[in-house]
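J.: Encoded as C-alpha cells, here's the structure I'll be asking about.
As C-alpha cells, this is what we get:
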C-alpha cells in the first residue's frame, strides 16, 4: 500500500508543478475525475479547432487574399475615420488622387495645396474627381494623433474638405492592401515597391488603374494639367 501511494504521488506531481504545493492548486485539480474531465475537454477543443489562427493572422490572411484577387482600384475596401469600410467601387468612372499624409511633416502644408487643387478641379468636373488622404505614422512618427485628432487638424488648419480616411501603414507586414497593390502596379525609382516618405501621390484613372506616381517633393498644383487630361479621356 505504501509503495502504491508513493507511485500515485509521483504521477500526480506534474499536474501541480506550477504551484508551490498541492494546497496552492485550484480545487478542480483535487480529484482524478476532475482531472480526467479537463483532459477530455482540452482534447476535444484541439480536435474541433486544430488550425484556427489568432486574430492578427486572420487579418493578414484576408489582406493577402484581397491583394491576390484584386485587378483594379475598385476591388478594395479601406476603412474610413470611424472604422467603417469604404467600397472604392463607388468611385468607378472618376479620377482619384491618393496621398499618404502626415500632420507634423515638412510637407504638411501640402494639405492646403491639395485642397486648392480639389476645389479648382471640382469647379470644372464637379462629380468626376476625388482626393483620398491616408494618414500614416511610419515616417519619423510624424502623424502620432488619433483619427479624431487628425481630422480636426486637417479641417482647422487647412480647411480640408476631401475625405481623410483611417490611419494606416503603407509599408511592412501590416501595410494596407490598397497601398500594397498600388506599389505593385506603379513601383518607385529602380522598381522599388516601397513608399519612401509622406505625401507620395498616386493618380487613378477612370478605369481603376494607376496612371501616375509622384514623390513627396512634387507640389500638388503641378499635377492639375495631368489630372485634367485624364478627366478628358
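Numbering (full-length UniProt numbering), first residue to last: 1 to 233.
From the three backbone atoms N, C-alpha and C, an ideal C-beta is built for every residue, glycine too.
Please return the same chain residues whose Cβ sits closer than 8 angstroms to the Cβ of residue 47, not counting the five positions on each side in sequence.
T.: Because the pLDDT at residue 47 is just 46, under 50, the model does not fix this residue reliably, and the value given afterwards should be weighed accordingly. Excluding positions up to five away in sequence, the list is empty.
J.: Since residue 133 sits in a beta bridge, which residues does DSSP pair it with?
T.: Paired residues: 99 and 164.
J.: What did DSSP end up calling residue 92 once you bin it into helix, strand or coil?
T.: Correct three-state label for residue 92: coil.
J.: Which same chain residues, not among the five before or five after residue 158, have their C-beta less than 7 angstroms away from its C-beta?
T.: Only 111, 112 and 115 meet the Cβ criterion.
J.: Could you give the distance in angstroms between the alpha-carbon of residue 134 and the alpha-carbon of residue 163?
T.: Each residue's Cα considered, the two are about 9 angstroms apart.
J.: List the DSSP bridge partners of residue 210.
T.: Note: residue 210 sits in a beta bridge opposite 204.
J.: For residue 218, I'd like the list of residues in its chain whose CB is within less than 7 angstroms of its CB, leaving aside the five on either flank, ordered along the chain.
T.: Answer for residue 218: 201, listed in chain order.
J.: Looking only at its chain, what residues have a beta carbon closer than 8 angstroms to the beta carbon of residue 76, apart from the 5 residues adjacent to it on each side?
T.: Excluding positions up to five away in sequence, the list reads 66, 70, 88, 177, 178 and 181.
J.: Do residue 94 and residue 128 have their CB atoms nearer than 8 angstroms?
T.: Yes, the Cβ-Cβ distance between residue 94 and residue 128 is below 8 angstroms.
J.: Looking only at C-alpha atoms, which of 99, 199 and 137 sits nearest to residue 130?
T.: The candidate whose alpha carbon is nearest that of residue 130 is 99.
J.: Provide the residue span of the alpha helix (DSSP H) that contains residue 115, from first to last.
T.: That run of the alpha helix (DSSP H) goes 110-124.
J.: For residue 198 versus residue 136, is the C-beta distance shorter than 8 angstroms?
T.: Against a cut-off of 8 angstroms, the Cβ pair of residue 136 and residue 198 comes out as a contact.
J.: Considering just the uninterrupted stretch of the alpha helix (DSSP H) at residue 227, what are its terminal residues?
T.: Where residue 227 is concerned, the enclosing alpha helix (DSSP H) stretches over 224-232.
J.: Alpha helix (DSSP H) containing residue 158: first to last residue?
T.: Residue 158 -> alpha helix (DSSP H) spans 147-158.
J.: DSSP state of residue 143, grouped into three classes?
T.: Correct three-state label for residue 143: coil.
J.: Using three-state DSSP, classify residue 192 as helix, strand or coil.
T.: Three-state result, residue 192: coil.
J.: I think residue 79 touches residue 165, with their Cβ atoms under 8 angstroms apart; what is that distance to the nearest whole Å?
T.: Contact flag correct, Cβ pair sits at about 7 angstroms.
J.: Can you have a look at residue 155 and say buried or exposed, based on whether 16 or more other CB atoms are within 10 angstroms of its CB?
T.: By the 10 Å Cβ count, residue 155 comes out exposed.
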